[in-house]
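Here numbering that gives the first Met the number 0 is used: position 1 in the sequence shown is 0, and no number is missing along the way.
Below is one structure, written out as structure tokens; comments come after it.
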Amino acid sequence: MSKMLTSFLAFGARKGFLRPVLNYGRKIIEEYYINEAIHRVVAEKIAALNLRISDSEPQRFNLFIPEIDFGSFFGGYIAKFNFARKLVENGNRVRIITVDRCYTKREDWPAVVQKYQGIEDIFDKIEVATVFGRQQQLSFHPDDVLMATTWWTAHIVNQCLPQFNNRKFLYFIQEYEAFTFPMGSYYALAHESYSFPHVALFSSPTLRDYFQAQSYGIFASENQEDPESKGLPFENAILSFDRNLNEDRKKSRKLLFYARPDGHAARNMFEIGFIALETAIRNSAFPDDWEFFGIGASHNDMQLPDGRLLKMIGKLGLKEYRERLPDFDLGLALMYTPHPSLLPIEMAAAGQVVVTNTCMNKTVAELENISSNFCVAEPTVPAIAAALEQAVNRVDDLAARESGAQVNWSQDWDQTFSPDLLNQVQQWFPVIKLGKSQ
């Protein structure tokens, strides 16, 4: 029977009268495997660890991170590794655990961090483990402290908690991560991660205040404990810059746009920023001596009105970024989340007048308290275009730009992870040591 059916289907395919049926069947099969693959990606991302709990293991502080990679080692990772450094300096045994596939070989990991002051030799001082695929069994002490640094590492850590004496984990929150996705499974999973039992370190007071205003996480209404005792803000230390703000330093004025057209960077509102820049140029906001540059993504140069050009300089290495940022007069950097974002602050610290936007509890007052170099607008094309025109009129006030470069923000990781902050972490997890290592 099956042989006859196979022959019939083959005959029908040759003659064409069964082609619609076969195409429909092929589509169903393809959709099944696509849906299965999508499901497996999510399931594998948050899959539980293969644990072994033993009193014979040394007690460790375990930081769960996605991966270690040249392309993804940015501000958020620098904060995680500096926190690890402070723990090591205080005598703690620290282990970094990567949960995603790492495309950078482990022997190349030191090269990823060697350009970042303070953590150049971090891999000489910590343990590392990779658990992608979850086949490898990982050993822990029952008093180990677990720290999640992303929404999916929070899911992984939460599944581990019942086997440990500490029934809460430390959540290193650097964004309300649901905002990085459209409404759907990833959004829901990211939001769910804040409902797990944890204490929190928030990357900026503004982000902490957003969680409190929304009653998320440690601020949930059903939480009977004092939320202030369960969460603290910190400030990711920004770079310091060698500025040379004098009237003779430039022949032309330069604008730097944080231009990221990529879908995963949607919160940086490339479209609104670009259209606002076009609008400001059409409104004659920029004299002829202005040049326009884009940073943050590898992309071809982009045409602007009146024969102007947005010259894309892509992603810069740390050294070149630090050297070049003071060369620009005006920054345009948008972020449609409550986090103030580090790039606009570094632009301001480099002496630029910076156009950025409000969002929810990220207000004009909040941003201007960080730097008077900010020119803050609502996240609309007309408002951003008007702010660009205002910013152009401010760039010649070099004294004001120098004053605004004295930002009210940490520029030192030892200040960021201060003794007071570490003391609070120790109150959450008394097994943590705060004496200097010998």
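Just so you know, even glycine gets a beta-carbon here, dropped at the ideal spot from N, CA and C.
With respect to the alpha helix (DSSP H) encompassing PRO418, which residues constitute its N-terminal and C-terminal limits?
418-427
Spatial neighbours of GLU367 within its chain, please: C-beta separation below 6 Å, excluding the five flanking residues on both sides.
PHE373
Just to confirm, are ASP169 and VAL198 a CB contact at a threshold of 8 Å?
Rather than Asp, the amino acid found at residue 169 in this sequence is Leu. Going by C-beta atoms, LEU169 is nearer than 8 Å to VAL198.
What residue does the alpha helix (DSSP H) around THR205 start on, and which one ends it?
204-213
Quick test of the definition: if touching needs 3 or more C-beta pairs under 8 Å, does the region 294-305 touch the region 410-421?
no
Helix, strand or coil at ASN368 [DSSP, three-state]:
helix
Residue of GLN426, VAL87, TYR209 minimising C-alpha distance to PHE201
TYR209
Would the C-beta of ALA110 count as close to the ligand NAP, meaning under 7 Å from any of its heavy atoms?
Absent from the structure shown: the ligand NAP. Ligands present: none.
Just confirm the distance between the C-beta atoms of SER371 and ALA399, as a whole number of angstroms; I'd bet it's less than 8 Å.
7 Å
Buried or exposed for LEU308, please, with buried defined as at least 16 other CB atoms from any protein chain shown within 10 angstroms of its CB.
exposed
Check whether the region 349-368 touches the region 319-339, taking contact to mean three or more Cβ pairs, one atom from each stretch, closer than 8 Å.
yes
Could you check what DSSP says for ARG400 in three-state terms: helix, strand or coil?
helix
According to DSSP, is SER184 part of a helix, a strand, or is it coil?
helix
So is HIS174 buried or exposed if we call it buried at 16+ other beta carbons inside 10 Å?
The amino acid at residue 174 is misidentified as His; the sequence shows Glu. It is buried - the Cβ of GLU174 has at least 16 other Cβ atoms within 10 Å.
Could you spell out where the beta strand (DSSP E) holding ASN81 opens and where it closes?
Note, ASN81: premise wrong, no beta strand (DSSP E); alpha helix (DSSP H) at 74-88.
What does a CB cutoff of less than 6 Å around LEU317 pick up in its chain, not counting 5 residues either side in sequence?
LYS114
Could you pull the DSSP bridge partners for MET301 from this structure?
LEU309
Backbone secondary structure at GLY272 - three-state DSSP
helix
Checking 8 Å against the spacing of the C-beta atoms, do ASP68 and TYR102 come in under that value?
yes
Using DSSP bridges, identify the partner residues of GLU290.
LYS253
Taking C-alpha atoms, which residue in GLN389, GLN414, SER340 lies nearest to SER283?
GLN389
Here's a check: name, in chain order, each residue in its chain whose Cβ is nearer than 8 Å to the Cβ of ILE280, leaving out the five neighbours to either side.
LEU303, PRO304, ASP305, ARG307
Indicate the three-state DSSP secondary structure (helix, strand or coil) for ALA177 in the structure shown.
helix
When we look at the beta-carbon of GLN351 and count the other beta-carbons within 10 Å, is it buried (16 or more) or exposed?
buried
Along the chain, where does the beta strand (DSSP E) containing PRO339 start, and where does it finish?
No beta strand (DSSP E) contains PRO339, which DSSP labels as neither H nor E.
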